[in-house]
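In my numbering, the protein residues as written are 22 to 304. Built from N, CA and C at the ideal position, the CB exists for glycine as well.
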């Protein structure tokens, strides 16, 4: 998955490996992401997708190899990363307005549990700049029509757009989205993915998106990284989501079929409890 030119890469991993509790989660990962690219991280539960995100966020050190994020060791790049953790659902009793939730991305902690610090912005030019930036990202994600409503009154897709705006508000150079489509219906999955691709292009942001199902992403992705069996395969979906490539990763015969509506289906996937059945739409 290498493109060379390490200085231009938002993410660069070279022969990277991770061990947890004496067990190797994955190894031999070579992986680049450039500015303006939308790259999905795929694989079954337990393959190490969230572990890879922890490495990139500087929360877990690799056991082998080299990892650079925005040209720095991962921990040194946190202030330049926008992070959306696995989906939070706000129920109808949550009264904070969408615009205030986005504002918390500026005022609080950037790792998904914002803590207010309103005094930091004070008044004058800094406060005005903060208001303008919040309004800018709300417009960017198309949430202007409902951003002043309580977040608990917004639909799942609307909530997710506001959370993406929160992750963008600090002008990150890398946006990390952990299963942002989880719990959304198919139209909202497509809408959110199209939005993320547009953000990639408009803001020049590199985006890493963890997903279970590649199908809603297929029209929008630049490349994918597929983790399975302690190994990784990277490239375009046409290069990676093939019977021979997945058979190599899993060490067992795998067949990939394309349905009449263009969706990919994997047949013969091992570990049915992980793969949600021996025949399933690719996850």
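Query raised in the report: Are the beta-carbon atoms belonging to residue 79 and residue 96 less than 7 Å from one another?
Result: The Cβ atoms of residue 79 and residue 96 lie closer than 7 Å to each other.
Query raised in the report: What are the boundary residues of the beta strand (DSSP E) that residue 45 is part of?
Result: According to the DSSP assignment, residue 45 belongs to the beta strand (DSSP E) that extends over 44 to 55.
Query - CB contact below 7 Å: residue 46 versus chain B - result: Considering every chain present, this structure includes no chain B. It has just one protein chain.
Query raised in the report: Three or more C-beta pairs closer than 8 Å, one from the segment 103 to 123 and one from the segment 163 to 176: is that the case here?
Result: Touching, yes, given that three or more Cβ pairs across the two stretches are closer than 8 Å.
Query - For residue 38 and residue 84, believed in contact at Cβ under 8 Å, the rounded distance - result: Taking the Cβ atoms as the reference, residue 84 lies roughly 5 Å from residue 38, within the contact range of under 8 Å.
**Report entry** Distance, residue 165 Cα to residue 53 Cα
**Finding:** Those two C-alpha atoms are separated by around 34 Å.
Query raised in the report: Do residue 35 and residue 86 have their CB atoms nearer than 7 Å?
Result: Yes, the pair counts as a contact, with Cβ atoms nearer than the cut-off.
Query raised in the report: Ordered along the chain, which non-local residues of its own chain (more than five positions away) have a Cβ less than 6 Å from that of residue 308?
Result: The chain is shown only over 22 to 304; residue 308 falls outside these bounds and no answer can be derived.
**Report entry** Identity of the residue in 178, 32, 51, 199 nearest residue 77 by Cα
**Finding:** It is 32.
Report task. With a threshold of 16 other CB atoms inside 10 Å of the CB of residue 281, please say whether the residue is buried or exposed. Result -> Exposed, by the Cβ-count rule.
Report task. Check each candidate in 201, 250, 188, 213 and name the one with the smallest Cα separation from residue 272. Result -> For the residues 201, 250, 188, 213, the minimum Cα distance to residue 272 belongs to 250.
Query raised in the report: Is residue 277 closer than 7 Å to residue 264 when the C-beta atoms are compared?
Result: Against a cut-off of 7 Å, the Cβ pair of residue 277 and residue 264 comes out as a contact.
**Report entry** Neighbour-count burial assignment, residue 258, 16 or more Cβ in a 10 Å radius
**Finding:** With 16 or more other Cβ atoms inside 10 Å of its own Cβ, residue 258 counts as buried.
Query raised in the report: How big is the Cα-Cα spacing for residue 230 and residue 45?
Result: C-alpha of residue 230 to C-alpha of residue 45: approximately 23 Å in a straight line.
Query raised in the report: In the structure shown, what three-state DSSP assignment does residue 276 receive?
Result: Residue 276 falls in the strand class under three-state DSSP.
Report task. Measure the alpha-carbon distance for residue 81 versus residue 49 and round it to whole angstroms. Result -> Straight through space, the alpha carbons of residue 49 and residue 81 are spaced by roughly 17 Å.
Query raised in the report: Under a Cβ-count criterion, where at least 16 other Cβ atoms within 10 Å of its own Cβ denotes burial, should residue 89 be classed as buried or exposed?
Result: Looking at its Cβ environment, which holds 16 or more other Cβ atoms inside 10 Å, residue 89 is buried.
Report task. Report the rounded CA-to-CA distance for residue 305 versus residue 101, giving the unit in angstroms. Result -> This structure cannot settle anything about residue 305, because the visible part of the chain is limited to 22 through 304.
Query raised in the report: Out of curiosity, what's the CA-to-CA distance linking residue 160 and residue 190?
Result: Near 11 Å, if we compare the C-alpha coordinates of residue 190 and residue 160.
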